[in-house]
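Here's the structure, in structure tokens; my notes come after.
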């Protein structure tokens, strides 16, 4: 008999939030999708989520509500907002704090799990990475293909004891979920990968394939080497050459892909630069590690965002 959580709240109704909500609801969990966009919440509550994957297309009923309308905490909370919305999203569910739900971040960047720990306590926090393609198809659809993979674990050893039950739920929902005893390393590896591609792509308005040039590869290698140096100063064991190999493979095998920061720019959204390259720079400064490539990329993105998001 399984003991995985059967009441779940998913914070953030973007592509990943909708995908996880639909898959978990289809697996039998009682799922509520939470967002600040009342119109979107009302539409999902009325029509459900139209999920398209390798099994076809179907409509899945999912509860949806504003955070304040849910007085009782679920057993599991998954945070899927953009990193710059994490603090506000966590504040919106502070009324669940005393009930002690298990809370989990699979977001991009550094610092999201720490914010959850500040609110709910480190022993209630899981963190990790999700490598899963997902695209919204308005008004209420989400599309994916394949299984992708999730690596996650506990923020503390005590939190990690709850991870197997969450893994069982994720696998029941059709995800390939792997537990990691060294999850901080996993998070930093993904940060290094994202930092190597995202900012350059955004600045140049270029796909992976378009930045697959000697100059583009030199920039990516410099970012990875700086990130690994910072991570090693934190006591983490990262393999720079392995990460660089993964980056180069992405440039070749996913040449038409637009990294998320480029997509953000094209849609007029702010990027997650502060949680990725910016966070690497700040941690490097704290530890006395120079990160000139990351710093320059972060500043260039900030300049672009300042120009494009300033009303004249």
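Numbering (the numbering used here), first residue to last: -4 to 307.
A virtual CB, placed ideally from N, CA and C, is assigned to each residue, including glycine.
Selected residue, minimal CA-CA separation from residue i, among the options
| i | options | result |
| --- | --- | --- |
| residue 10 | 47, -1, 106 | 47 |
| residue 255 | 102, 61, 158, 303 | 102 |
| residue 15 | 137, 160, 270 | 137 |
| residue 280 | 41, 226, 69 | 226 |
| residue 139 | 130, 236, 273, 26 | 130 |
| residue 184 | 141, 196, 234 | 234 |
| residue 244 | 269, 264, 216 | 216 |
| residue 6 | 230, 98, 157 | 98 |
| residue 87 | 180, 4, 169 | 4 |
| residue 110 | 123, 82, 135 | 82 |
| residue 150 | 133, 112, 132 | 112 |
| residue 238 | 191, 37, 156, 89 | 191 |
| residue 223 | 70, 179, 201 | 179 |
| residue 100 | 124, 37, 50 | 124 |
| residue 269 | 78, 45, 26 | 78 |
| residue 213 | 242, 31, 201, 8 | 242 |
| residue 259 | 154, 197, 302 | 197 |
| residue 29 | 85, 236, 133 | 85 |
| residue 219 | 157, 285, 41, 265 | 285 |
| residue 62 | 71, 89, 304 | 89 |
| residue 80 | 276, 264, 277, 301 | 264 |
| residue 154 | 36, 188, 118, 128 | 118 |
| residue 49 | 221, 228, 128, 122 | 128 |
| residue 308 | 261, 248, 94 | The chain is shown only over -4 to 307; residue 308 falls outside these bounds and no answer can be derived. |
| residue -2 | 51, 156, 152 | 156 |
| residue 175 | 122, 133, 189 | 122 |
| residue 278 | 304, 39, 240, 229 | 229 |
Inter-residue CB distance, residue i and residue j (contact presumed, cutoff 8 Å)
| i | j | result |
| --- | --- | --- |
| residue 250 | residue 211 | Going by Cβ atoms, the distance from residue 250 to residue 211 rounds to 12 Å, so no, they are not a contact pair. |
| residue 271 | residue 186 | 6 Å |
| residue 144 | residue 173 | 7 Å |
| residue 293 | residue 194 | 7 Å |
| residue 147 | residue 170 | About 10 Å; that fails the 8 Å criterion. |
| residue 96 | residue 68 | 4 Å |
| residue 92 | residue 115 | 6 Å |
| residue 57 | residue 44 | 5 Å |
| residue 168 | residue 33 | Going by Cβ atoms, the distance from residue 168 to residue 33 rounds to 27 Å, so no, they are not a contact pair. |
| residue 71 | residue 159 | Actually they are not in contact, since the Cβ atoms of residue 71 and residue 159 sit about 13 Å apart, beyond 8 Å. |
| residue 252 | residue 202 | 6 Å |
| residue 231 | residue 206 | About 27 Å; that fails the 8 Å criterion. |
| residue 55 | residue 27 | At roughly 13 Å, the Cβ-Cβ gap does not stay under 8 Å, so residue 55 and residue 27 are not in contact. |
First through last residue of the alpha helix (DSSP H) which encompasses residue i
| i | result |
| --- | --- |
| residue 211 | 209 to 228 |
| residue 288 | 287 to 303 |
| residue 48 | Segment 44 to 48 is the beta strand (DSSP E) holding residue 48; no alpha helix (DSSP H) there. |
| residue 258 | 255 to 261 |
| residue 17 | 10 to 21 |
First and last residue of the uninterrupted beta strand (DSSP E) at residue i
| i | result |
| --- | --- |
| residue 265 | Here residue 265 belongs to no beta strand (DSSP E), and DSSP marks it neither H nor E. |
| residue 249 | First-last for residue 249: undefined, no H or E at that position. |
| residue 187 | Where residue 187 is concerned, there is no enclosing beta strand (DSSP E), although the alpha helix (DSSP H) it sits in stretches over 178 to 199. |
| residue 168 | Element bounds for residue 168: n/a, residue is neither H nor E. |
| residue 341 | Outside the modelled stretch of the chain, which goes from -4 to 307, sits residue 341, for which no answer is possible. |
| residue 28 | 25 to 29 |
| residue 270 | Where residue 270 is concerned, there is no enclosing beta strand (DSSP E), given that its DSSP letter is neither H nor E. |
| residue 174 | 172 to 174 |
Test: residue i CB closer than 9 Å to a CB of chain D
| i | result |
| --- | --- |
| residue 93 | Included in the structure is just one protein chain, with no chain D present. |
Check whether the segment 159 to 175 and the segment 22 to 36 are in contact - that is, three or more C-beta pairs closer than 8 Å. yes
What runs of the beta strand (DSSP E), each 3 residues or longer, lie entirely inside the segment 55 to 84? 58 to 60, 71 to 74
Go through the segment 86 to 165 residue by residue and report every complete run of the alpha helix (DSSP H) that reaches 4 residues or more, in order. 107 to 115, 152 to 155
Is it true that the segment 286 to 301 meets the segment 102 to 112, where meeting means three or more beta-carbon pairs spaced less than 8 Å apart? no
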